[in-house]
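Chains as they are written, first to last, in our numbering: chain A, 70 to 208; chain B, 70 to 208.
Note that the Cβ used here is the ideal one computed from N, Cα and C, for glycine as well.
Only a predicted model underlies this, so the values are computations on that prediction, with no experimental measurement involved.
The next block holds one structure in the form of structure tokens; read it before the comments.
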DNA sequence: GTCTATCTGCAAATGACTTGCATTCACTAA
DNA sequence: TTAGTGAATGCAAGTCATTTGCAGATAGAC
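Here it is in structure tokens:
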């Protein structure tokens, strides 16, 4: 179990190909939110034949396996993060584009309310709130 | 001042063209979240020469004027709603796609916390929470 | 080693917008 | 009321992230 996700792939009858290994390593090396294109660029530094379609397809199966989570950060592309690493939320400033991370516990009461009153099981790792940061608010 | 938004347009030196009037009327007739394409289809029933670019451009200026607000409902397109009508949030079920509306006040405490602790002025009309509704949760 | 369903690479397709530009037109000032 | 003009429209072409079809390659079971 050297490579993270190896087991998760095997459990689903999915193959651990060199391409997938490189993509998994690239993802593991990051703590932030990355786009498919960024992972593609990163892997290409080591393996120049990496294909962008393969990155997209790999991210898709990793998401289905629950290893990776999608987020919308308001730019026109999907961003991903390693599910286990990022249990937090995002404040996105519509003025300067800054992304502020929020602790998970801040939304715990809300999550409980949603479950109790609406029967809704919130995927709280996905919450993104738009607005203006202190600096941009004055403008 | 028969047409909503007429004043807001005039204040910005923007013209009230027939196309904009039709788009404004189409928007006013709706209480839900609509895409540019939907407004386009709706207006075309009355005026078959309506142009999709014009719809996009009009929605853009209406957003700048604050009359209309953008939301991300998780499908791959931008959705809009009439700002005054929709002071609420959305729970989106990732199982069945259902959109549940939430009352605005539910997030008021969170908004206050964000302002106090982070200096962040949350645009609370934009909040969307993904998860699973009661029906889809059992699966 | 063999076999086969799964993967990959490539190129082309998709789909939601966006843009350039020539033409048309809503408003303003005379 | 009517020019004049900057703004708006229509159309076609362009973007850009992402997806897909398909033929050839290959991981992993046996």
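Taking C-beta atoms as the reference points, residue 94 of chain B and residue 85 of chain B fail to come closer than 7 Å.
The alpha-carbon separation between residue 106 of chain B and residue 123 of chain B amounts to approximately 11 Å. Here the stretch 143-150 of chain A makes no contact with the stretch 161-171 of chain B; the two share fewer than three CB pairs at distances below 8 Å. Here residue 141 of chain A carries a strand assignment [DSSP, helix/strand/coil].
If you ignore the 5 residues before and after residue 170 of chain B, its C-beta comes within less than 6 Å of the C-beta of 157, all in its own chain and listed in chain order. In this structure, residue 200 of chain B sits near residue 192 of chain A, with a CB-CB distance shorter than 7 Å. A direct Cα-Cα distance of roughly 18 Å separates residue 138 of chain A from residue 81 of chain A.
Residue 108 of chain B is outside the set of residues whose beta carbon lies under 7 Å from a beta carbon in chain A. Residue pairing by DSSP places residue 147 of chain B opposite B/141 in a beta bridge. In this chain, the alpha helix (DSSP H) harbouring residue 132 of chain A covers 121-133. With contacts defined by Cβ atoms closer than 7 Å, residue 146 of chain B and residue 104 of chain B form a contacting pair. Under the 7 Å criterion on CB atoms, residue 170 of chain A is classed as non-interfacial with respect to chain B. Relative to the Cα of residue 114 of chain B, the nearest Cα in the group B/92, B/202, B/133, B/187 belongs to B/92. Between residue 108 of chain B and residue 196 of chain A, the gap from beta carbon to beta carbon reaches 7 Å or more.
Close to chain A, meaning a Cβ-Cβ distance shorter than 9 Å, are the following residues of the stretch 154-167 of chain B: 160, 162, 163. Counting along the chain, residue 197 of chain B sits inside the beta strand (DSSP E) bounded by residues 197-201. Residue contact with chain A for residue 147 of chain B: absent (no Cβ-Cβ distance below 7 Å to any residue of chain A). Using a CB distance cut-off of 7 Å, residue 134 of chain A does not count as an interface residue toward chain B. Contact of residue 141 of chain B with chain A by beta-carbon distance below 7 Å involves 141. Taking a C-beta distance under 7 Å as the contact criterion, residue 136 of chain A and residue 79 of chain A do not qualify as a contact pair.
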